[in-house]
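**Student:** This is the structure, below, for whatever I ask next.
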Amino acid sequence: MSKNLIALSLFFLSSVYGFSQQTAAFTNDLVDYNKAIELYNNNQFLAAQTLFSKVKQSTDQKTIEGDCAYYIANSAVRLNQQDADQLMEAFVEDYPTSIKRNDAYINVANYYFENGKYAHARKWFDKVDESSLSRGEMEKYNFNNGYAYFKSKRYNEAKKYFNRVSASQKYGSQAKYYLGYIAYEGDDYEQANQQFEEIKGDERYAEDLSYYQADMNFKLGNFQKAIDLGKEQYDSSNPRERSELSKIIGESYFNLGQYAKAIPYLKEYKGKRGKWNNTDYYQLGYAYYKQGDYQSAINEFNKIIDGSNSVAQNAYYHLAESYLKLDQKQQALNAFKNASEMDFSEEIKEDAFLNYAKLSYEIGNSYQSAPQVLLSFIETYPDNKNNEALKNLLIDSYITSKNYQAAMELLENNKAFENKLAYQKVAFFRGVELYNNGKYSEAKNMFNKSLQEPRDATYTARATYWKSESDYQLSNFGEALIGYKQYLQLPEAAATPEYDNARYNLAYTNFKLKNYNKAITNFKGYLESASANGARKQDAYLRLADSYFVTSQYWPAMENYNKAIELGATDEDYAAFQKAISYGFVDRIEQKIEGLQNFLRTYVKSVYRDDALYELGNTYVSQNKNNEALRTYDNLIQNVPKSIYKPRALMKKALILDNTGKSNEALAIFKQVAKEYPSTPEAVQAVSSAKIIYIDQGNVDQYANWVNTLDYISVEDSELDDATYQAAEQPYLENKISQAISRFEAYLKDFPNGKHALNAHFYLGQLYFAETGKEKAIPHYEYVVSREQNEFTEPALARISELYLGKNNYEKALSYLKRLETAANSPQNIIFAQTNSMKASYELKQYAEAVNYAERVLQNSKIDNSIKSDAQVIIARSAMKTNDEAKAKQAYAEVGKIATGELAAEALYYDAYFKRKEGDFKASNESVQRLAKDYPGYKLYGAKGLLLMAKNFYDLNDAYQATYILDSLIKNFSEYTEVVNEAKAELARIKAAEAKTNASVETEEN
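Numbers 478 to 1483, taken from our numbering, label the letters of the sequence shown in order.
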């Protein structure tokens, strides 16, 4: 064989061998590839992916490799593997010429589409080459891509693709449905209706189409058609659709004014996500309102919270009217106020304001006074036809709200409100108010103003009377007398409430003027009248008796003292004492002694006990019954040791001893008086009497040595001491204030321990107290009260207590008040000490002590109602501080019966507070309304009352009232931080609760 043939043969053999090897490998890959395809088609994507990866790695066929990459990526997509997108991107990049490139895009996009991953699908739809798609593939591509955009709410892009298949046999109906829905969502109801009409026979969309067409007709104002379409589908719809259809049908009936038909459908509406909004509540509430079912209307309207649009303004106005229909005026006032504060409808705003103003006058207003509301309306709407009537209400409201000062300012400074009759009345009431506040000069001025406009004879008479009362309090007794006489001569006087006391007051004025005979006539005249009763009748007998007594008519005096005793007068002990001493003036000494002895047995705790003992001792002396006199004086000295009569009794005792030869015993007593009662007249007399005994005994040196131990006695300067003091006392008696002050100060500088130092200090204290320099009075009163009991101790203790109370130095005040209580002879000072001790103890947080003093005050039958209410309030406040609410409730109830002014407002607030605690929310609110009506000037209790009212309303299921009141409280009472903070917390709590069912309620969270 030739070499060439051999070479050719070898080449052929080797080629055949190599081809055989490649064919075998290719066949192998093809088998695995086909197997992988089979697994892929059977949805065994993981196994297929593994086998495709093996083939891809082993094959050297570019086509097979690319196909493997394609299927690997597709399997990753279907297996939701994290690197699926990357694998597909790699396939497209690595095999740009693969015929499966477009298939990859469309298949992946459709896969994501079918699994509801529309955003992923759109990403791959965007990569598809539309020109390479078949007609069938193109329709599917357009519909799926359009739907993917639709689901992403990209309606403009969706419309483009849906429009491409709107004529498709397969996708046309669906595309038209979605095109209709897009038009519906875009409020293009004509286009939507056109699309829906074309697929009306398609059962797949029948339910939705009925709803959409009903809703579209509703929105187009075709309410009856909306009702008809909604009813067609109503019974067969699912719960969610039935809720929406209920709203469409109900609101359509509402807009047609067919409220009775609207109500059942409006009620069936479940709201968005289970919540209604303010408009939903308004429509149902208004439907009830138009049917005259006002309570049901209220139940819906009052769920509208935080409303701030025209719907809310309308709702609040009709809510107010509904409240009025049911006579719930406080609730109506709040709703009218709310509607009047909104600007959406000027007509509603003005009418709501008018009703708010009228109700403020009628029932009171806690937010602002009724006069302020009325005046504000008149100024805001000067052309309102109701203004003339409102002007009269305005003036009257000042009177009913007791804001007389503001009324006077209005009547005197605003010509538009000129009303002479009203001026007369307001001036009168303002005068009474000032009188009750102890401002008698200002009160008199007001009564004069009232008398300058004598329009109503009744008020002329009353002003005449009260002007006389003011004069009496100012000690202008002559003018008071004239006034009382004028009053009694007026024909209208008998019909006035003051008439019953006029003759009594006239008698008292004569008594003060020392016209005792006229006083007797008038006291007798009063006692013979039908109006004489009670404490005033008892007092009239006493003063009648006193008038007889001072005119030396002792038998009629005793007769009237007896009548006072028989009536059980509060000053029965005084009457008994006066009766006893009267016997002495008619030479019935034994009866006088018997009367005084009987007095001492009967009135063991009387403040006149020391007077009786001293008088009895003196009577025994006059009868030369020295032993009985000494025993009586000793009784006074030992048993009433703080009596002002003690130094006098000691002196009387000493004089008896001296006159009966017991000069040494007398001397000891004189020296005792001189030591224990320095600078008093008794001490000076004691020194003089002792001097006589020393001289009689020849012990002048002992006298001189003893006198030198007394720093208030200087033998050499005694006359100068007297002269200097008298020079100061004279201008004091003549009411020359500044001269008296300078001379008393000079006296004390020259004679700091002089015989008259006690008097000088007391008078200086009085002078400074009466002037502006009250602080300067303190050291002088302190000097007086630091000495032994004397005639000035009691008034000085009262004054210094008052001064420290004025400085809010309660500890210091309390120390003096306690001394005053035990030292006082005057019932008035005892009451002063006890009442102020209870107040000081309360301020010092000594609540048990405060209650103890208050209860002692209440045991005194002579106190008036103002003091009783003060005592009850201290008990109530202390009980509240110690969490004894049962005791506080009882005490506040007593306060409420008798108190006036701020204490009455406090009692009424707590009446509401305790009723709320007992769960009686309506009664609690009624008390708050009374508080607003009767005591509008006390803003703190007004604010606290509103807070109670808000809580009450919420517990009565009226969320609107609760939230509106709290909002108003927060806006109008910022000065009361504690109350406002509690209101804010309560408002947040209520809103959080209401937001669970009302989508319109805004809370801090949303």
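Heads up, the beta-carbon is just placed ideally off N, CA and C, and yes, glycines get one too. The model shown is predicted, which means the values in this text are computed figures rather than measured ones.
Can you have a look at Trp-1032 and say buried or exposed, based on whether 16 or more other CB atoms are within 10 angstroms of its CB?
**Tutor:** Exposed is the call here.
**Student:** Should the region 547-565 be regarded as contacting the region 519-526, the criterion being three or more beta carbon pairs within less than 8 Å?
**Tutor:** With a cut-off of 8 Å, the region 519-526 and the region 547-565 count as touching, because enough Cβ pairs lie within range.
**Student:** Can you tell me whether DSSP reads Lys-868 as helix, strand or coil?
**Tutor:** Here Lys-868 sits in helix by DSSP.
**Student:** Should Val-1334 go down as buried or exposed, given a rule of 16 or more other Cβ atoms within 10 Å for buried?
**Tutor:** Classification for Val-1334: buried.
**Student:** By DSSP, does Lys-749 sit in helix, in strand, or in coil?
**Tutor:** It is a strand residue.
**Student:** Looking at the secondary structure, which residues open and close the alpha helix (DSSP H) in which Asp-665 lies?
**Tutor:** No alpha helix (DSSP H) contains Asp-665, which DSSP labels as neither H nor E.
**Student:** Going straight from the alpha carbon of Ala-1126 to that of Leu-1132, what length do you get?
**Tutor:** Each residue's Cα considered, the two are about 10 Å apart.
**Student:** Based on Cα-Cα distance, which residue from Asn-1103, Asn-511 and Val-585 lies nearest to Leu-556?
**Tutor:** Of Asn-1103, Asn-511 and Val-585, the residue nearest in Cα terms is Val-585.
**Student:** Would you tell me roughly how many angstroms separate the C-alpha atoms of Ala-1310 and Lys-1139, rounded to the nearest one?
**Tutor:** If you take the alpha carbons of Ala-1310 and Lys-1139, they lie about 43 Å apart.
**Student:** CA-CA distance, Val-1261 and Thr-877?
**Tutor:** If I take the Cα positions, the gap works out to 49 Å.
**Student:** Using only alpha-carbon positions, find the residue among Pro-1229, Arg-1407 and Leu-1244 that is nearest to Ser-1215.
**Tutor:** Comparing Cα positions, the closest option is Leu-1244.
**Student:** Quick check on the burial criterion: 16 or more other C-beta atoms within 10 angstroms. Buried or exposed for Asn-1212?
**Tutor:** Burial call: exposed.
**Student:** Can you tell me whether DSSP reads Asn-1475 as helix, strand or coil?
**Tutor:** Note: Asn-1475 maps to strand in three-state DSSP.
**Student:** Do Val-1478 and Ile-825 have their CB atoms nearer than 8 Å?
**Tutor:** Cβ atoms of Val-1478 and Ile-825: not closer than 8 Å.
**Student:** My understanding is that His-795 touches Tyr-763, with C-beta atoms under 8 Å, so please give their C-beta distance in whole angstroms.
**Tutor:** Their Cβ separation, rounded to whole angstroms, is 6 Å, which keeps His-795 and Tyr-763 in contact under 8 Å.
**Student:** Excluding the 5 residues preceding and the 5 following His-597 in the sequence, name in chain order all residues of the same chain whose CB lies nearer than 7 Å to its CB.
**Tutor:** Closer than 7 Å at the Cβ level, and outside the excluded window around His-597, lie Tyr-589.
**Student:** Would you tell me roughly how many angstroms separate the C-alpha atoms of Phe-1450 and Ala-1389, rounded to the nearest one?
**Tutor:** Taking the straight line joining both Cα atoms gives about 19 Å.
**Student:** In angstroms, rounded to a whole number, what distance separates the CA positions of Asn-1446 and Lys-1421?
**Tutor:** The residue you asked about is not Asn; residue 1446 is Leu in the sequence shown. When rounded, the distance between both Cα atoms is 9 Å.
**Student:** Can you tell me whether Arg-932 is helix, strand or coil according to DSSP?
**Tutor:** Correct three-state label for Arg-932: coil.
**Student:** Once you ignore the five residues that flank Lys-1168 on each side, which residues in its own chain have a CB closer than 6 Å to its CB?
**Tutor:** Excluding sequence neighbours, Lys-1168 sits near Tyr-1180.
**Student:** Excluding the five sequence neighbours on either side, which residues of its own chain have a C-beta within less than 7 Å of the C-beta of Ala-1089, listed in chain order?
**Tutor:** Answer for Ala-1089: Phe-1054, Leu-1073, Phe-1076 and Leu-1077, listed in chain order.
**Student:** Does the beta-carbon of Ile-997 have 16 or more other beta-carbons within 10 angstroms, so that it is buried, or is it exposed?
**Tutor:** When all chains shown are included, Ile-997 counts as buried.
**Student:** Looking at the structure shown, is Ser-729 part of a helix, part of a strand, or coil, going by DSSP?
**Tutor:** Ser-729 falls in the helix class under three-state DSSP.
**Student:** In angstroms, rounded to a whole number, what distance separates the CA positions of Asp-1411 and Asp-1341?
**Tutor:** Near 22 Å, if we compare the C-alpha coordinates of Asp-1341 and Asp-1411.
**Student:** Could you check whether the region 616-623 touches the region 643-655, counting it as contact only if at least three pairs of C-beta atoms, one from each stretch, sit closer than 8 Å?
**Tutor:** Segments in contact, yes.
**Student:** When you compare only the Cα positions, how much space is there between Glu-969 and Leu-810?
**Tutor:** Using only the alpha carbons, I get a separation of about 40 Å.
**Student:** Can the beta-carbon of Leu-1044 be found closer than 8 Å to that of Lys-1014?
**Tutor:** A contact, by the Cβ cut-off of 8 Å.
**Student:** Please identify the residue among Gly-908, Leu-1235, Leu-951 and Gly-955 whose C-alpha is closest to the C-alpha of Trp-943.
**Tutor:** Measuring from the Cα of Trp-943, the nearest candidate turns out to be Gly-908.
**Student:** Enumerate in chain order the residues of its own chain whose CB-to-CB distance from Glu-1298 is below 8 Å, with the five nearest sequence positions on each side excluded.
**Tutor:** Around Glu-1298: Ile-1307, Ala-1310, Gln-1311 and Ser-1314.
**Student:** Quick one, are the C-beta atoms of Ala-920 and Leu-967 less than 8 Å apart?
**Tutor:** Cβ distance not < 8 Å, so Ala-920 and Leu-967 don't count as in contact.
**Student:** Residue ranges of each alpha helix (DSSP H) run of no fewer than 4 residues wholly in the region 609-652, ordered along the chain?
**Tutor:** Fully enclosed alpha helix (DSSP H) runs of 4 or longer: 612-628 and 632-641.
**Student:** When you compare each of Asp-1361, Tyr-1386 and Asn-1360 to Val-1372 by their alpha carbons, which one comes out closest?
**Tutor:** Selected option, being the one with the closest Cα: Tyr-1386.
**Student:** To the nearest angstrom, how far is it from the Cα of Phe-496 to the Cα of Leu-610?
**Tutor:** For Phe-496, the pLDDT reaches just 40, beneath the cut-off of 50, and the residue's location in the model is therefore unreliable, leaving the point undetermined.
**Student:** Please confirm whether Tyr-632 and Glu-662 have their CB atoms less than 8 Å apart.
**Tutor:** Yes, Cβ-Cβ distance for Tyr-632 and Glu-662 is below 8 Å.
**Student:** Which stretch, first to last residue, makes up the alpha helix (DSSP H) that contains Val-1027?
**Tutor:** Segment 1011-1027, the alpha helix (DSSP H) holding Val-1027.
**Student:** Give the range of the alpha helix (DSSP H) segment to which Gln-1438 is assigned.
**Tutor:** Element bounds for Gln-1438: 1436-1449.
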